[in-house]
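**Student:** Adding 1 to a residue's 1-based position in the sequence shown gives its number in the working numbering.
Take this structure, written in structure tokens, and hold onto it; I'll ask about it next.
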Amino acid sequence: MRVNATLLGGQERFGVLLGQIARHWRARLDRRLSEFGLTDARWVTLLHLARGGDGLTQKDLAARVGVGAPTLVRTLDRLEREGMVVRVGDAQDRRAKTVHLTGKAIPVLRVIEDTAAAVRSELLSGISAAELDLCLAVFDRVAANLAAAPARTDCENGHRAA
């Protein structure tokens with residue numbers, strides 16, 4: 002059965018639109034950054050490392066990026082071969098490694114940030130500061146509700162809810 006999205010109520014539309022906006026926003030940014038030879042995995046990892054603070058553990062970085070450790074290791078291997086990151090053994094936990102940006106990553110991060118700013122500007126065109134503030138306030142409340150509620154992995158029908 003196909004449901005017309007325009008017939009959905011506000012709460013149903015919220016989840017659908019949020020997912021669509023996130024996918025399309027990311028796809029637009031991916032297309033723009035691919036012009037610079039940057040793959041999704043590489044630019045997302047570099048951006049999270051830059052914004053999360055130099056010296057994140059691989060485990061923390063994987064959680065921020067939203068991928069499993071083996072997936073991140075492959076990305077880090079490539080970034081390390083390209084000279085953009087280095088991994089260092091953690092002095093306090095010999096099993097862990099911390100990830101550090103190199104000077105070679107700085108111009109790449111500028112391209113990522115400049116491209117992301119251009120995409121944001123395009124996509125938020127015509128939206129006032131007050132409208133954006135209200136939207137962000139709603140997102141903050143939804144995020145707080147998510148953080149406060151226990152995660153359910155056992156949906157009754159085996160599917161994620163929208």
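Idealized CB from N, CA, C, for every residue including glycine.
Predicted, not measured: the structure shown is a model, and the values here were computed from it.
Alpha carbon to alpha carbon, what distance is there between L47 and H101?
**Tutor:** Within the sequence shown, residue 101 is the residue found at index 100, counting from 1. Within the sequence shown, residue 47 is the residue found at index 46, counting from 1. The straight-line gap from Cα to Cα measures roughly 10 Å.
**Student:** So what's V87 in DSSP terms, helix, strand or just coil?
**Tutor:** Here the question's residue 87 lines up with position 86 in the sequence shown. Shown here, V87 sits in a strand according to DSSP, grouped into three states.
**Student:** Which parts of the segment 106 to 152 are runs of the alpha helix (DSSP H), unbroken and 4 residues or longer, counting only runs that do not cross its ends?
**Tutor:** 106 to 124 and 130 to 149
**Student:** Quick one: is V17 buried, meaning 16 or more other Cβ sit within 10 Å of its Cβ, or exposed?
**Tutor:** The residue given as residue 17 occupies position 16 in the sequence shown. Result: exposed.
**Student:** Would you say the segment 77 to 96 touches the segment 46 to 62, given that touching needs at least three Cβ pairs under 8 Å?
**Tutor:** Cβ pair count under 8 Å is three or more, so yes.
**Student:** Excluding the five sequence neighbours on either side, which residues of its own chain have a C-beta within less than 6 Å of the C-beta of A42, listed in chain order?
**Tutor:** In the sequence shown, counting from the first residue as 1, residue 42 sits at position 41. The residues are T76.
**Student:** Do A51 and L110 have their C-beta atoms closer together than 9 Å?
**Tutor:** For the purposes of this step, residue 51 is taken as the residue at position 50 of the sequence shown. For the purposes of this step, residue 110 is taken as the residue at position 109 of the sequence shown. Contact: yes.
**Student:** Alpha carbon to alpha carbon, how far is A64 from A131?
**Tutor:** Taking the sequence shown and counting its residues from 1, one reaches residue 64 at position 63. Taking the sequence shown and counting its residues from 1, one reaches residue 131 at position 130. Answer to the nearest angstrom: the Cα atoms are 32 Å apart.
**Student:** What is the DSSP secondary structure of V100, counted as helix, strand or coil?
**Tutor:** Locating residue 100 in the sequence shown gives position 99, where the first residue counts as 1. V100: strand per DSSP, three-state reduction.
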